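Worksheet for the structure shown next.
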């Protein structure tokens, strides 16, 4: 039953997998899950049904079992002010023995499912998550504060694409090794023949530590990479963003059980804020893989202390754009305005530092002074967010009060080019919505812009010229890391210099983006998210290194005639 | 010039690379470097010329430059008693700034050489090392104590195969990513098109820490995996086995310089014993990759402390063979006798624990009691090593005095089944040669056999039956790790149980070896050496995980029409 079910699922979803495998080789465009929430794509009732399914969770105990749990926790606060009041099983330090025992119990069966069986199961999980994409989008919206369409795309369709990408890489990686081989060494007289078997074996228990802003997009790659390679997975969500991962775990358990596997291969470990569950969990000897998205301090703690595990971290950085010159000033301003506004700049990929020469830049509209560059971007942001009802659909809500604190301090760092303003959300009166703040600052103030100021705050850094811009770019990224970088220049030699700098400090570079692609966005199957080559992240979505160490190959051999 | 030379080398050696790539996919038999030192293969003068080249090094200063070095060191002691007196540049903690600066200086050019350029250069290095295989074999013999033919094979031909295997894996891994791609997303009106570039970038400086017993075989996979993926490599040899790695570094530098690259991309960091250079080197922030072969204590220290680096360790284990039954008792005894005798059991893969039921086993010669099993193996060892002149060609010399200390203590642990005897080497009167010691011990004495007793010491562990043998196998490998495991049984169900146990504890299993393949030997391209799944080693030669995290892929993107 077990293997039949899983094998059937692999066949059902093979075309999707093959498309993904082809795409990660060519790195051309591919998407398996439509990103438009339009009724023409998903059907007339999908949106309403999904919203109703989300609403039905409010005020209830979430139907997911966690071994060893003690009582429940209710920890979420919607940035839109909507009471969620969902209760989840509470995991504490004293639950861990039982939880880890339960997690490991199903691993032998899961190993014996083989590569195809596990790939089939995980692809089916993605398919079922896709069927609940509107419910998921509502859950992501009301925990992260993302506007609905963004929650649908980044938290739903694109997250599914990133999960599929991780499964594709892991599948390709596991299939590098044959399951059997005959080794025949020429020798005097008869040759020597051995029959060999090779088995993919998971490392143990994998821990996924979720974040507040992208609970699915940032957790799914690690979750599915670990699961498909034969590990059990414990998901510890951020206390403010549990629902999207509770739903994820529920679907994983449902599909695993249906195929005859132990549902405790995937478990939810929700905690009360302040319980500090992540540390003791991360140090358990059974935990062999950790995926973390969040602050630099805890990420570094994991890298330095959880040495029994493979640790994959995405932390924080100081993303930069170098502005040298342009043949399309308006498009430059509009493109950056969108980047700074989307989700109120609360993306790990949002540009923080815009390096602009004090003397200004050459453009298709003639020379623009430093102040005119700032005014141009500010003006584009103003137009983009001029209508409150439309603005909230781009900005979303502020994810937590820490962001507001930083935003309120930031005007003191320099000269305010564009003030942040509070917007009243037409649908959610308690929603906290803010527009981006743009502050001009001198190159010498590196202690300010050299650190991440997470939220809708960006700095227009006044440099002596593009040469200094490049130097500061190197310096800040080398020390503070970066998830993204951009450059605007009409000069090939300058572009070449910035490319070299980006290779040296290990960050992906977007050049002269003036259309519908933005420096803060990466496309699954083609763009790497993060690089693993600078302090912002020690891994990337997704490459071979992201999957290869999540399993081992164990062989046996014997003589054959 | 640079790229032309390297590209030419890739063409020259492409067939060799393609053979390796095909072999790692099929895991069938492959070898690129003949393992027989016969004059029919290598020519009439090769042996004499190689020996002369080795002799010429004695008493001289080795011609290799190390940036920052202060004076020289002379640290080697041949296990054959032959004075070497080779002087190497001495690296100390105060040399490290200069050394690391020099190591990094050539990295941009090396990155710009591209995948093909670096593969070409490393394949040429292997080819030049192959041309010096007899010189290398002498150097390995007189530092490790291996007998000449073994030094030629394990330290020469097989080490070259393992190095080629690492290059093949790294080449395949880097070539998973296209260098350029066009990404075209369908959109209303015109589609969105981006041109993308992907560049493989090394992580930084790689450190290779060599061992005394297999200076080339254990160092080359990491060295070449790091070099070909764009890193600079510092080689820190064991003070008792410098010459084979000095020769390696010399050849690397010669080939790099010839192709126009900075020779300091590969450097030798020799130290005086007690200088403790490895720790400060391993903790330098520039060091991003570490390959280590040696004791468990320092290996664990590296894993736990050098958290800025990817750390690949091969440490120690308690290798086991479960003896349940056999249809070929003589062949079993002969096969194990060879394993225990080869290089006096000083291999990380030599069997230490032989689990045998107290009631004895069923064989083709009828029932054999526990004592008869011991006597059978002892008898085979006696025959194999009966003639001193032939025995020394199998045993080689004892690598260092620590081995003798352990050997002298071991008879006290139980009942001696076979005494170790000292053999006088007919050619080297000061050589220290010992035959294997076999000690019968009770299952309860796990504190003895549960730890590695490195050298010619094996334990015949008296168990209540095969079920207990399997339990003890699980327990000892789970706690102490193992590089190898074996089983002898005529019962399919027992074999299945042991296979499951081996998968659970993560060790490769050899079943019923009775011919010319031995549990302590692994064949490049087909057998993994170590698994990375138990405490004996956190990595394997070679799989995707061994190479994938040694580099990152950095992209850039821009609009195209």
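Chains as they are written, first to last, in full-length UniProt numbering: chain A, 1 to 561; chain B, 1 to 561. Note that CB positions come from ideal geometry on N, CA and C, so glycine has one too. Given the structure is predicted, the values throughout are model-derived calculations rather than measurements.
Within chain A, the residues placing a beta-carbon under 8 Å from that of residue 303(B) are 307, ordered along the chain. By a beta-carbon distance limit of 8 Å, residue 288(A) contacts residue 308(A). Their separation comes to about 7 Å.
Each of 408(A), 425(A), 137(A), 430(A) was checked against the Cα of residue 438(A), and the nearest Cα belongs to 408(A).
Residue state for residue 555(A) is assigned as strand, using DSSP reduced to three classes. Note on geometry: alpha-carbon atoms of residue 179(B) and residue 15(B) lie some 23 Å from one another. Of all residues in the segment 511 to 542 of chain B, only 511, 512, 513, 514, 515, 516, 517, 523, 526, 527, 528, 531, 532, 533, 540 place a beta-carbon less than 8 Å from a beta-carbon of chain A. Counted as a single uninterrupted DSSP element, the alpha helix (DSSP H) harbouring residue 172(B) occupies residues 158 to 174. Between the segment 546 to 558 of chain B and the segment 502 to 510 of chain A there are three or more C-beta pairs closer than 8 Å, enough to call the two in contact. Collapsing the DSSP output to three states places residue 357(B) in a strand. Out of 299(A), 500(A), 229(A), 303(A), the CA that lies nearest to the CA of residue 210(A) is found in 299(A). In the structure shown, the three-state DSSP call for residue 425(B) is coil.
When the Cα atoms are used, residue 291(A) and residue 217(A) turn out to be separated by approximately 13 Å.
Nearest to residue 164(A) by C-alpha distance, out of 224(A), 377(A), 199(A), 114(A), is 224(A).
Taking a Cβ-Cβ cut-off of 8 Å, the neighbours of residue 178(B) in chain A comprise 25, 26, 27, given in sequence order. Under the Cβ distance rule, residue 555(B) counts among the residues neighbouring chain A, one pair being separated by less than 8 Å.
Beta-bridge partners of residue 322(B) (DSSP): 355(B), 487(B).
Taking a contact to require three or more Cβ pairs closer than 8 Å, the segment 84 to 100 of chain A and the segment 57 to 71 of chain A qualify as touching.
DSSP lists 529(A) as the bridge partner or partners of residue 541(A).
Residue nearest to residue 175(A) within the set 228(A), 463(A), 493(A) is 228(A) (criterion: CA-CA distance). Against chain A, the CB of residue 158(B) has no partner CB under 8 Å away; the residue lies outside that interface.
In this structure, residue 240(B) keeps its C-beta atom at 8 Å or more from the C-beta atom of residue 141(B). Contact of residue 549(A) with chain B is assigned, a C-beta pair being separated by under 8 Å. Counting along the chain, the unbroken beta strand (DSSP E) around residue 192(A) starts and ends at 192 to 202.
Against chain B, a Cβ distance below 8 Å from residue 114(A) picks out nothing, because the smallest value is about 12 Å. About 6 Å separates the beta carbon of residue 215(B) from that of residue 143(B), a gap short enough to meet the 8 Å contact definition. Think of a sphere of 8 Å around the beta carbon of residue 199(A): the chain B residues whose beta carbon falls inside it are 503, in chain order.
For residue 264(B), the closest C-alpha among the options 151(B), 516(B), 318(B), 110(B) is that of 110(B).
Using a Cβ-Cβ distance cut-off of 8 Å, the segment 119 to 135 of chain A and the segment 245 to 262 of chain A are in contact, since at least three pairs of beta carbons, one from each stretch, lie closer than that value. Residue pairing for residue 367(B): DSSP places it in a beta bridge opposite 362(B).
Beta-bridge pairing by DSSP links residue 206(B) to 233(B), 289(B). Contact between residue 560(B) and residue 182(B) holds, with the beta-carbon distance rounding to 7 Å and staying under 8 Å.
Looking from the CA of residue 275(A), the closest CA among 75(A), 54(A), 530(A), 489(A) belongs to 75(A). Residue 233(B) sits close to residue 208(B), with the two beta carbons spaced by under 8 Å. DSSP places residue 470(A) in the uninterrupted alpha helix (DSSP H) bounded by 466 to 480. By the C-beta density criterion, residue 45(A) is exposed, having fewer than 16 other C-beta atoms within 10 angstroms. Taking 8 Å as the cut-off, the Cβ atoms of residue 282(A) and residue 91(A) do not count as close.
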